[in-house]
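Residue numbers (this note's numbering): 28 to 497.
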């Protein structure tokens, strides 16, 4: 090829780039200079000889040798482009200061990097080809993107939950449909608010609270870090946290005496050495670490392991040596549990407390009423506790005695329910999750080694003996 021909090809190539690149940027709304990449003070600086944030930091006019890269990029259009370690100021290879992005290696192990289904489906912006599976550009635009409310933060192509739900809906490509659950009557309010979440909010309790101004919210990224979340190879067991929740901020507790508020320690997203617990994420909103809505219980007090009784979320329960036949679905008296064992999808299509047709985002029904009624076997308590032992008025004496307190049967026959006598999270005063103050309900209760005595609203003091030793 002679020199004149080579010169013509190079001129044609530069001319094409001059036309195509502005069009590509224009698709993003022409907001590049407003983005972090395009900021003249903090933007991209790969080559110190070129002005910071200049297009030439990523795009070059020609290739000195070999075949030019797509979009005239300085390297092949893969994640390696974003993770480059060359130049004056390496880009996204290392962890960010906020811990939201924890480096290219950890991202490379995440589901968003490894799952072949992770391909932006479109239509706005346009769908990406299957060859783009796992690329950063499925969620991020290097030139920025805007919607009707202006520039979308963090170089994203959709705002907040709209980004996640474009893939995690009934149309896919994600295998897990979250949108259906999060659209149900009882749900975490990801779609109810806009603009309350910020990427630097973690560690500041008021960012999750009702005061000084109401900033209560629950965006997808409050519980999930898309740069590190992964699928478990087998279902995890409490207290081990599912990998889908890894890499987000959480609140650790140090418990004091029964019924007291624990001391709180915020743990940053980048801290992966502290034991990771699901309930620690829940405590960002559902404890007095932040300001809670009126009437909402402080669950860190309810689950205090120095209480007389609690469901075994933080630690093993205190009511042990229970007959294994009193449990169902593989549960036992020594098991620990997740919050999401009770709170989650009623349809079971997606793990986690995204949404449910039942109140409190429960997997099954739970009626918070002291009114008399006959309980059914599909209520939430009987996902773990045997209905025929605790809730069936027609069960045999043998089955009733799987419980130490056989008199459950007498109360059930009179249409008293679990709610009349028990708290679903924990009791700060009594063993066996017994709660006082409901009507009909318990006024007082005392436990002995061989049984106990109870004074409810419906009769005077009565004693009982356990059906088998504690």
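All C-beta atoms, glycine included, are put in the ideal place defined by N, C-alpha and C. Computed from a predicted structure; not experimentally measured.
Exercise. Going by the CB atoms, is the gap between residue 447 and residue 467 shorter than 8 Å?
Worked result: Position 440 of the chain shown, counted from the start, is the residue given in the question as residue 467. Position 420 of the chain shown, counted from the start, is the residue given in the question as residue 447. Yes, the Cβ-Cβ distance between residue 467 and residue 447 is below 8 Å.
Problem set entry | Unbroken alpha helix (DSSP H) run spanning residue 277, endpoints | Along the chain shown, one-based indexing puts residue 277 at 250. Counting along the chain, no alpha helix (DSSP H) covers residue 277; the unbroken beta strand (DSSP E) around it starts and ends at 277-281.
For this session: Label residue 78 either buried or exposed according to how many other C-beta atoms from any shown protein chain fall within 10 Å of its C-beta, with 16 as the threshold for buried.
Result: Your numbering for residue 78 matches position 51 in the chain shown. The residue in question, residue 78, is exposed, as its Cβ has fewer than 16 Cβ neighbours within 10 Å.
Exercise. Based on the DSSP output, what are the partners of residue 163 in its beta bridges?
Worked result: For the purposes of this step, residue 163 is taken as residue 136 along the chain shown, with counting starting at 1. None; residue 163 has no bridge partner.
For this session: Using three-state DSSP, classify residue 135 as helix, strand or coil.
Result: Residue 135 sits at position 108 when you count from the first residue of the chain shown. It is helical.
Exercise. Under a Cβ-count criterion, where at least 16 other Cβ atoms within 10 Å of its own Cβ denotes burial, should residue 132 be classed as buried or exposed?
Worked result: What you label residue 132 is simply residue 105 of the chain shown in a count that begins at 1. It counts as exposed.
For this session: Pick out whichever of 202, 349, 365 has its Cα sitting closest to the Cα of residue 264.
Result: Against the chain shown, residue 264 aligns to sequence position 237. For the residues 202, 349, 365, the minimum Cα distance to residue 264 belongs to 365.
For this session: Just grab the DSSP bridge partners of residue 308 for me.
Result: Reading the chain shown from its first residue, position 281 is the one you call residue 308. Note: residue 308 sits in no beta bridge, so no partner.
Exercise. Just curious, the beta strand (DSSP E) that residue 481 is in, first and last residue?
Worked result: Numbered from its first residue, the chain shown carries residue 481 at position 454. Residue 481 -> beta strand (DSSP E) spans 478-483.
Problem set entry | Helix, strand or coil at residue 427 according to DSSP, with G and I counted as helix | Along the chain shown, one-based indexing puts residue 427 at 400. DSSP, read as helix, strand or coil, puts residue 427 in helix.
Exercise. Can you list, in chain order, the residues of its chain whose CB lies under 7 Å from that of residue 108, leaving out five sequence neighbours each side?
Worked result: Here residue 108 is taken as the residue at index 81 of the chain shown, counted from 1. Around residue 108, the same chain offers 100, 102 as residues with beta carbons nearer than 7 Å, after the five sequence neighbours per side are excluded.
Problem set entry | Complete alpha helix (DSSP H) runs within the stretch 311-395 (minimum length 4 residues, chain order) | Taking only runs of at least 4 residues, the alpha helix (DSSP H) segments lying wholly in the stretch 311-395 are 326-329.
Exercise. Tell me, which residues are paired with residue 100 by DSSP?
Worked result: Against the chain shown, residue 100 aligns to sequence position 73. Per DSSP, 86.
Exercise. Roughly how many angstroms lie between the CA atoms of residue 185 and residue 165, to the nearest whole one?
Worked result: In the chain shown, the residue the question calls residue 185 occupies position 158. In the chain shown, the residue the question calls residue 165 occupies position 138. One C-alpha to the other measures close to 10 Å.
For this session: Tell me whether the beta-carbon of residue 233 lies closer than 8 Å to the beta-carbon of residue 317.
Result: Residue numbering aside, residue 233 sits at position 206 when the chain shown is read from its first letter. Residue numbering aside, residue 317 sits at position 290 when the chain shown is read from its first letter. Against a cut-off of 8 Å, the Cβ pair of residue 317 and residue 233 comes out as a contact.
Exercise. Are the beta-carbon atoms of residue 127 and residue 298 separated by less than 8 Å?
Worked result: Looking up residue 127 in the chain shown gives position 100. Looking up residue 298 in the chain shown gives position 271. Cβ distance not < 8 Å, so residue 127 and residue 298 don't count as in contact.
Exercise. Looking only at C-alpha atoms, which of 431, 279, 488, 485 sits nearest to residue 496?
Worked result: Residue mapping note: residue 496 aligns to position 469 of the chain shown, counting from 1. Closest by alpha carbon: 431.
For this session: Would you list the one or two residues that DSSP bridges to residue 292?
Result: Locating residue 292 in the chain shown gives position 265, counting from the first residue. Paired residue(s): 279.
Exercise. Is residue 173 closer than 8 Å to residue 217 when the C-beta atoms are compared?
Worked result: Here the question's residue 217 lines up with position 190 in the chain shown. Here the question's residue 173 lines up with position 146 in the chain shown. Contact annotation: residue 217 and residue 173 have beta-carbon atoms that are not nearer than 8 Å.
For this session: Specify the secondary structure class of residue 234 as computed by DSSP and reduced to three states.
Result: Here the question's residue 234 lines up with position 207 in the chain shown. In this structure, residue 234 counts as helix in the three-state DSSP scheme.
Exercise. With DSSP run on the structure shown, which of helix, strand or coil describes residue 53?
Worked result: Along the chain shown, read from residue 1 onward, the residue named residue 53 stands at position 26. Because the pLDDT of residue 53 is 47, which lies under 50, any placement of that residue in the model is unreliable, and the question is left without a value.
Exercise. Among residues of its own chain, excluding the 5 on either side of residue 224, which ones have a beta-carbon nearer than 8 Å to its beta-carbon?
Worked result: Translated into positions along the chain shown, residue 224 becomes position 197. So the qualifying residues of the chain are 187, 244, 246, 248, 249.
Exercise. Taking buried to mean at least 16 other C-beta atoms within 10 Å of its own C-beta, is residue 289 buried or exposed?
Worked result: Counting from 1 along the chain shown, the entry for residue 289 is found at position 262. Buried, because 16 or more other Cβ atoms sit within 10 Å of the Cβ of residue 289.
For this session: Report buried or exposed for residue 395, applying the criterion of at least 16 other Cβ atoms within 10 angstroms of its Cβ.
Result: The residue you call residue 395 lines up with position 368 of the chain shown. In summary, residue 395 is exposed, with fewer than 16 beta-carbon neighbours lying within 10 Å of its beta-carbon over all protein chains present.
Exercise. For residue 436, does the three-state DSSP call read helix, strand or coil?
Worked result: Along the chain shown, one-based indexing puts residue 436 at 409. When secondary structure is reduced to three states using DSSP, residue 436 falls in the helix class.
Exercise. DSSP state of residue 78, grouped into three classes?
Worked result: The residue given as residue 78 occupies position 51 in the chain shown. Three-state DSSP puts residue 78 in coil, outside helix and strand.
For this session: Kindly list the residues whose CB is nearer than 6 Å to the CB of residue 270, restricted to its own chain and excluding five residues on each side of it in sequence; keep chain order.
Result: Along the chain shown, read from residue 1 onward, the residue named residue 270 stands at position 243. The answer, listed in chain order, is 257, 259.
Problem set entry | For residue 201 and residue 138, the rounded distance between their alpha carbons | In the chain shown, counting from the first residue as 1, residue 138 sits at position 111. In the chain shown, counting from the first residue as 1, residue 201 sits at position 174. CA-to-CA, the gap between residue 138 and residue 201 works out to about 11 Å.
Exercise. Name the DSSP beta bridge partners of residue 491, please?
Worked result: Residue 491 sits at position 464 when you count from the first residue of the chain shown. Answer is 479.
For this session: Report the rounded CA-to-CA distance for residue 469 versus residue 442, giving the unit in angstroms.
Result: By one-based count along the chain shown, residue 469 stands at place 442. By one-based count along the chain shown, residue 442 stands at place 415. Distance between the alpha carbons of residue 469 and residue 442: 15 Å.
Problem set entry | Rounded Cβ spacing between residue 215 and residue 382 (contact assumed at less than 8 Å) | Position 188 of the chain shown, counted from the start, is the residue given in the question as residue 215. Position 355 of the chain shown, counted from the start, is the residue given in the question as residue 382. That pair is a contact at about 7 Å.
Problem set entry | Per-residue DSSP class, three states only, for residue 443 | Along the chain shown, read from residue 1 onward, the residue named residue 443 stands at position 416. Three-state result, residue 443: coil.
Exercise. Can you pull the DSSP bridge partners for residue 129?
Worked result: Taking the chain shown and counting its residues from 1, one reaches residue 129 at position 102. Looking at the DSSP assignment, residue 129 forms a beta bridge with 122.
Problem set entry | Secondary structure of residue 474, DSSP reduced to three states | Working through the chain shown from its first residue, we reach residue 474 at position 447. Strand at residue 474.
Exercise. The alpha helix (DSSP H) with residue 108 in it runs from where to where?
Worked result: Position 81 of the chain shown, counted from the first residue, corresponds to residue 108. Element bounds for residue 108: 106-109.
Exercise. How many Å lie between residue 134 and residue 96 at the Cα?
Worked result: In the chain shown, residue 134 corresponds to position 107, counting from 1. In the chain shown, residue 96 corresponds to position 69, counting from 1. Straight-line measurement puts the Cα of residue 96 at about 24 Å from the Cα of residue 134.
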